[in-house]
Amino acid sequence: MKRFLRTLIGVVIGYALMGGLITLVQETWFGGASWHETPFGELSVAGFFTCVGSAIGAVVATAVAANGRIPALIMSGLVMVETTWLVTSGRADGPLWFDVLAASSLIVAILTGAQFFLWLRRRNGNTTGTKN
228 MKRFLRTLIG VVIGYALMGG LITLVQETWF GGASWHETPF GELSVAGFFT
278 CVGSAIGAVV ATAVAANGRI PALIMSGLVM VETTWLVTSG RADGPLWFDV
328 LAASSLIVAI LTGAQFFLWL RRRNGNTTGT KN
């Protein structure tokens with residue numbers, strides 16, 4: 228039960244942090260980055276920093292949960308569900324390929340962030356409470 232709660236708390240904190248960082252990047256730094264209105268160069272930079280925010284959220288989720296890659300897999304599933312909802316409800320403003328590519332890049336960033344944290348933990352010899 229303790230592991231379940233830590234995983235749940237890690238996912239909630241990591242996903243919320245990811246959402247906050249993505250909002251900071253896309254809405255504050257780039258004034259509402261979108262497919263139709265943002266120049267390609269700015270969209271690329273916003274996409275890069277969006278992925279960095281996703282990786283940071285995954286690092287925090289993995290650190291809090293101490294449950295290997297499971298938080299990253301749950302966060303990736305949440306990204307898939309959220310993207311599906313945004314596309315099917317008409318809330319996504321870009322073409323389908325753009326939204327799928329954006330979601331895929333978030334998932335790759337999440338998995339990379341979690342793997343990076345686990346690698347650092349192993350490298351430093353601290354594997355307490357983690358599964359590989």
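Residue numbering for the sequence shown follows my numbering, beginning at 228 and increasing consecutively. Glycine included, each C-beta is placed from N, C-alpha and C at the ideal position. All figures in this text were calculated on a predicted structure; none of them were measured in a lab.
G304 carries a helical assignment under DSSP once its states are collapsed to helix, strand and coil. Close CB contacts of T277 within its chain, under the 6 Å cut and outside five residues either way in sequence, are with I249, V252 (chain order). For S271, the secondary structure class from DSSP, reduced to helix, strand or coil, is helix.
Between V306 and I334 the beta-carbon gap is near 6 Å, inside 8 Å, which marks them as a contact. The C-alpha of N353 is placed about 20 Å away from the C-alpha of G284. For Q342, the uninterrupted alpha helix (DSSP H) segment begins and ends at 323-350. If you check the CB distance, V239 and M302 do not come in under 8 Å. Around the C-beta of F344, 16 or more other C-beta atoms lie within 10 Å, and the residue is accordingly described as buried. Close CB contacts of D320 within its chain, under the 8 Å cut and outside five residues either way in sequence, are with S261, W262, H263 (chain order). Between T234 and I337, the gap from beta carbon to beta carbon reaches 8 Å or more. For T339, the CB contacts under 7 Å within the same chain, skipping 5 residues up- and downstream, are A282 in chain order.
Take V314, set aside five residues on each side of it, and the residues of its chain with a beta-carbon closer than 7 Å to its own are L323, D326, in chain order. Burial check for N351: the Cβ neighbour count within 10 Å stays below 16, so the residue is exposed.
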